[in-house]
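Numbering (the UniProt record's numbering), first residue to last: 1 to 284. Notes for the one structure printed next.
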Amino acid sequence: MRAAPLPGTWSRYARALLSRKPRVAAPGQGGFTLERCAAGILAAPPRLAAYRAACGFAAGPDLPVTYPHVLAWPLHLALLTAPELPVRALGLVHLRNRIEALRPLPAREPVELRARLSGPRETARGQELDLLTEAWAGGELAWREQAVLLARRPGASRGPPAPAEADPGGAAERRWEVPAGTGRRYARASGDFNPIHLSALTARAFGFERAIAHGMWSLARIAAELGPALAAGPVRLDAGFKAPVLLPAAVTLRHWPVADGLGFALRDGAGGRLHASGAFTTLA
Numbered sequence: 001m002r003a004a005p006l007p008g009t010w011s012r013y014a015r016a017l018l019s020r021k022p023r024v025a026a027p028g029q030g031g032f033t034l035e036r037c038a039a040g041i042l043a044a045p046p047r048l049a050a051y052r053a054a055c056g057f058a059a060g061p062d063l064p065v066t067y068p069h070v071l072a073w074p075l076h077l078a079l080l081t082a083p084e085l086p087v088r089a090l091g092l093v094h095l096r097n098r099i100e101a102l103r104p105l106p107a108r109e110p111v112e113l114r115a116r117l118s119g120p121r122e123t124a125r126g127q128e129l130d131l132l133t134e135a136w137a138g139g140e141l142a143w144r145e146q147a148v149l150l151a152r153r154p155g156a157s158r159g160p161p162a163p164a165e166a167d168p169g170g171a172a173e174r175r176w177e178v179p180a181g182t183g184r185r186y187a188r189a190s191g192d193f194n195p196i197h198l199s200a201l202t203a204r205a206f207g208f209e210r211a212i213a214h215g216m217w218s219l220a221r222i223a224a225e226l227g228p229a230l231a232a233g234p235v236r237l238d239a240g241f242k243a244p245v246l247l248p249a250a251v252t253l254r255h256w257p258v259a260d261g262l263g264f265a266l267r268d269g270a271g272g273r274l275h276a277s278g279a280f281t282t283l284a
């Protein structure tokens with residue numbers, strides 16, 4: 001895989017909006033693997049500062065644990081709008097995410113980004129795609145992310161409601177107010193201008209009553225809250241996304257001790273509906 005400059009994004013958004021591809025790959029089409037790579041990538045200080053402010057990260061010499069995802073967004077968009085991809089990008093659902101930060105990434109250190117999209121994997125609800133991203137610095141793997149995306153099959157049943165997941169007794173709790181403009185603020189900081197996050201008008205075109213918070217904003221906000229409590233060293237951030245956060249909203253973050261870190265659940269303001277859950281732990 002040969003490294004190249006980061007691709008532009010605006011023409012890719014137009015391609016995504018105008019795509020006539022099916023929601024799921026045709027039966028018997030077979031698997032695919034697409035790759036993109038970019039080298040010498042540096043975080044732009046103004047955008048990094050805007051991201052810290054939008055997600056609640058304190059200033060510091062190193063990139064926030066979720067920030068390489070933002071740096072790699074142009075590669076992700078290039079993969080999701082590649083002609084070889086057999087499904088449309090709009091409508092894909094982010095199901096799960098795992099980040100492993102193997103060492104700190106100083107904000108002024110250039111990185112090489114590698115992204116690979118593969119699939120599909122058949123499930124009851126549709127087809128799952130795997131998006132793997134790596135950040136290399138100084139000749140070593142410093143950060144990686146595994147995301148699972150769902151291309152939902154039209155007419156597929158969502159299945160019976162999942163049993164309510166109870167949080168452990170004695171969990172600590174923090175409550176946030178999430179303003180209506182959170183999606184736009186995150187878009188300006190991250191470069192991810194998915195219309196479902198920008199306004200009620202654009203979100204309604206895709207079946208949402210109001211704009212929804214970006215799942216990666218929610219995950220970054222959780223990491224900003226819980227990260228300072230973890231021991232220094234390599235970390236893993238696991239999350240499953242359950243239900244969207246309709247904006248504006250009040251949400252409750254609950255967290256509790258687990259082996260090597262903290263488990264968490266992001267719920268609505270009343271502490272009922274589950275938006276995301278996972279764990280933020282140190283790596284041995």
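For every residue, glycine included, the Cβ atom is placed at its ideal position computed from N, Cα and C. Everything numeric in this text was worked out from a predicted model, so none of it was measured.
Helix, strand or coil at residue i according to DSSP, with G and I counted as helix
i, result
"valine 65", "coil"
"histidine 76", "helix"
"alanine 82", "coil"
"glycine 30", "coil"
"leucine 17", "helix"
"valine 258", "strand"
"arginine 98", "strand"
"tyrosine 172", "The amino acid at residue 172 is misidentified as tyrosine; the sequence shows alanine. Here alanine 172 sits in strand by DSSP."
"arginine 36", "strand"
"proline 195", "helix"
"leucine 253", "strand"
Through-space distance from residue j to residue i, alpha-carbon basis
i, j, result
"threonine 123", "methionine 216", "24 Å"
"leucine 266", "leucine 274", "6 Å"
"residue 288", "aspartate 62", "The displayed coordinates of the chain run from 1 to 284. Any statement about residue 288 would go beyond what the structure contains."
"residue 285", "glycine 272", "In the structure as shown, the chain starts at 1 and stops at 284, and residue 285 therefore has no counterpart that could be examined."
"glycine 227", "alanine 58", "11 Å"
"threonine 66", "arginine 236", "11 Å"
"alanine 78", "glycine 169", "44 Å"
"glycine 60", "glycine 233", "16 Å"
"glutamate 145", "threonine 133", "5 Å"
"alanine 189", "glycine 240", "23 Å"
"aspartate 93", "glutamine 127", "A quick correction: the sequence has valine, not aspartate, at residue 93. Approximately 10 Å between the Cα atoms of the pair."
"arginine 98", "glutamate 225", "17 Å"
"tyrosine 198", "alanine 211", "In the sequence on display, residue 198 carries leucine and not tyrosine. Each residue's Cα considered, the two are about 6 Å apart."
Buried versus exposed call for residue i [16 or more other C-beta atoms within 10 Å across all chains shown]
i, result
"serine 11", "exposed"
"valine 258", "exposed"
"leucine 17", "exposed"
"alanine 25", "buried"
"arginine 175", "exposed"
"proline 195", "buried"
"phenylalanine 264", "buried"
"leucine 201", "exposed"
Unbroken alpha helix (DSSP H) run spanning residue i, endpoints
i, result
"threonine 182", "182-190"
"glutamate 225", "215-226"
"threonine 202", "200-204"
"arginine 52", "45-55"
Residue range of the unbroken beta strand (DSSP E) whose run includes residue i
i, result
"alanine 147", "140-152"
"glycine 261", "261-268"
"arginine 116", "111-123"
"alanine 279", "274-282"
"glutamate 209", "Per DSSP, glutamate 209 belongs to no beta strand (DSSP E) and is neither H nor E."
heavy atom of the ligand GDP below 6 Å from residue i C-beta
i, result
"serine 19", "Looking for the ligand GDP in the displayed structure turns up nothing, as the structure carries no ligands at all."
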